[in-house]
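> Residue numbers for the sequence shown follow the numbering used here, so the first one is 38 and each next one is one higher.
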Amino acid sequence: MMRFSRLGVFALLIATVLSGASCSYYNRVLARKNLVDGSKAYKDRKFQDAEQLFRDAVARDPNGQTVEGKTAQLFLARTLHSEYIGNRIDKAKADQAIAEYKKALSNDINDQASYKAIASLLENQQKSDEWLTWVMERAKNEQINPENRAEALVSLAAKKNTCASDIDDTDKTKKTVTVAGKQVFQYVKPESPDDFNTLRQCVDDGMAFIDQAMAQEAPAHVDNAKNIDVKTASDEDLKKKGDLLRVFESARSYKASLLVHAMRVAEMEGRTADRDRLKAEADAARASFNELGGVVKAIDTEIADRVAAKEAAESANSNAAK
């Protein structure tokens, strides 16, 4: 569940410039009050009240030209999203949330949270064609940060990976045989030629997407992030590096998985040399994924430890004050 806090709202608004905006100062003050009251209503799960308060704030700056206006758009989108989650029959809420998220994205093209929220809403409503168009547009957009393009490309590769698994990971295609005294899987073509053609296409498309995703990886950025000292890094730096590495950790994971599917296709076609080569490439990709995954795990552990330490300190201070 998405959350707001009154302190967070004030922190977001403190950077507001009080002159040169299209809205009057008075409107901005009222918008701030709407935002603070709306965030409290949201926290109390009074979503309808929160929605109205955020709508009032949006109405004071419909184009999002101020910090208050931009914040109101985003908070309204999240509230509508939460209302839809609570009542999935109400498709209108989902559409309204998507419209507000798109407004937020128009103000910040690299707002990855809004992009992913829209993708989630489209997928949840099983609007597959719209989801595909939305994610493809993101993947092709050279104006956004490379890691954000990579994340969209990984999403596309993930769909193709699932497509391949649905065909080649079944009892009809995966047979258990004994080789040199050991039981191993032997992969055979599905009964339907159309299924086999679909399998090959999904693997080829998935590999193309994942190669494009990994091409977005700036080696220096990832290598520098891998060398981070988690104990001395700031909280902000840990989060930033963790978010970056998670994208390419996922890319490497799907790279390994898709290579396994390619290996299975080669085995089905009797291309033994290709099968063995692809197996070696899959093993190398898996090792690369595990290496980066270890760094991500270290970052996540450090973040969790810091949160726990902070909570323990606050609890100790609270008990001491009693």
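Glycine included, each C-beta is placed from N, C-alpha and C at the ideal position.
1) Does the Cβ-Cβ distance between M251 and A217 come in under 8 Å?
2) Would you report the Cα separation of I126 and L193, rounded to the nearest angstrom?
3) Classify N356: buried if its beta carbon has 16 or more other beta carbons within 10 angstroms, exposed otherwise.
4) Which of the three DSSP states is assigned to K140 in this structure?
5) Among F326, V302, I146, D205, which residue has its Cα nearest to the Cα of R186?
6) Should R343 go down as buried or exposed, given a rule of 16 or more other Cβ atoms within 10 Å for buried?
7) Taking just the CA atoms, how far does C239 sit from C200?
8) Kindly list the residues whose CB is nearer than 7 Å to the CB of E318, restricted to its own chain and excluding five residues on each side of it in sequence; keep chain order.
9) Using C-beta distances below 8 Å, list every residue in its chain close to Q110, excluding the 5 sequence neighbours before and after it, in chain order.
10) Just the C-alpha distance for R69 and Y63, rounded to the nearest angstrom, thanks.
11) Which residue's Cα is closest to the Cα of N161: V191, G123, E188?
12) Report the CB separation of Q220 from T213 in whole angstroms; it is logged as a contact under 8 Å.
13) Following the continuous alpha helix (DSSP H) through K196, name the residue where it begins and the one where it ends.
14) In this structure, how does DSSP classify Q163 when only helix, strand and coil are distinguished?
15) Let me know if T116 comes out buried or exposed under the rule of 16 or more other beta-carbons within 10 Å of its beta-carbon.
16) Mapping DSSP to helix, strand and coil, what is K128?
17) Can you tell which of M305, F326, D266 has its C-alpha closest to the C-alpha of F222?
18) Just to confirm, are L90 and G75 a CB contact at a threshold of 8 Å?
If we stick to the structure as given:
1) If you number the sequence shown from 1, residue 251 lands on position 214. If you number the sequence shown from 1, residue 217 lands on position 180. Cβ atoms of M251 and A217: not closer than 8 Å.
2) The count along the sequence shown starts at 1 and reaches residue 126 at position 89. The count along the sequence shown starts at 1 and reaches residue 193 at position 156. If I take the Cα positions, the gap works out to 27 Å.
3) Numbered from 1 along the sequence shown, position 319 holds the residue referred to as residue 356. Looking at its Cβ environment, which holds fewer than 16 other Cβ atoms inside 10 Å, N356 is exposed.
4) For the purposes of this step, residue 140 is identified with residue 103 of the sequence shown, where counting begins at 1. If DSSP states are grouped into helix, strand and coil, K140 belongs with the helices.
5) Reading the sequence shown from its first residue, position 149 is the one you call residue 186. Closest option to R186, Cα to Cα, is I146.
6) Here residue 343 refers to the residue found at position 306 when the sequence shown is read from its first residue. Classification for R343: exposed.
7) For the purposes of this step, residue 200 is taken as the residue at position 163 of the sequence shown. For the purposes of this step, residue 239 is taken as the residue at position 202 of the sequence shown. CA-CA distance, C200 to C239, rounds to 6 Å.
8) Residue numbering aside, residue 318 sits at position 281 when the sequence shown is read from its first letter. Excluding residues up to 5 positions away in sequence, L296 lie with their Cβ nearer than 7 Å to the Cβ of E318 in the same chain.
9) The count along the sequence shown starts at 1 and reaches residue 110 at position 73. Within its own chain, the residues whose Cβ lies closer than 8 Å to the Cβ of Q110, once the five positions on either side in sequence are excluded, are V95, G101, E137, K140, A141, N144, listed in chain order.
10) Taking the first residue of the sequence shown as position 1, residue 69 is located at position 32. Taking the first residue of the sequence shown as position 1, residue 63 is located at position 26. One C-alpha to the other measures close to 10 Å.
11) As a position in the sequence shown, residue 161 is number 124, starting the count at 1. Ranking the options by Cα distance to N161, first place goes to G123.
12) Here residue 220 refers to the residue found at position 183 of the sequence shown. Here residue 213 refers to the residue found at position 176 of the sequence shown. With 8 Å as the limit, Q220 and T213 qualify as a contact, their Cβ atoms being about 6 Å apart.
13) Your numbering for residue 196 matches position 159 in the sequence shown. 183-205 is the span of the alpha helix (DSSP H), which, as asked, contains K196.
14) Counted from its first residue, the sequence shown places residue 163 at position 126. The three-state secondary structure of Q163, taken from DSSP, is coil.
15) For the purposes of this step, residue 116 is identified with residue 79 of the sequence shown, where counting begins at 1. Result: buried.
16) The sequence position of residue 128 within the sequence shown is 91, counting from 1. In the structure shown, K128 falls within a helical segment according to DSSP collapsed to helix, strand and coil.
17) Numbered from its first residue, the sequence shown carries residue 222 at position 185. For the residues M305, F326, D266, the minimum Cα distance to F222 belongs to M305.
18) Numbered from 1 along the sequence shown, position 53 holds the residue referred to as residue 90. Numbered from 1 along the sequence shown, position 38 holds the residue referred to as residue 75. At the C-beta level, L90 and G75 come within 8 Å of one another.
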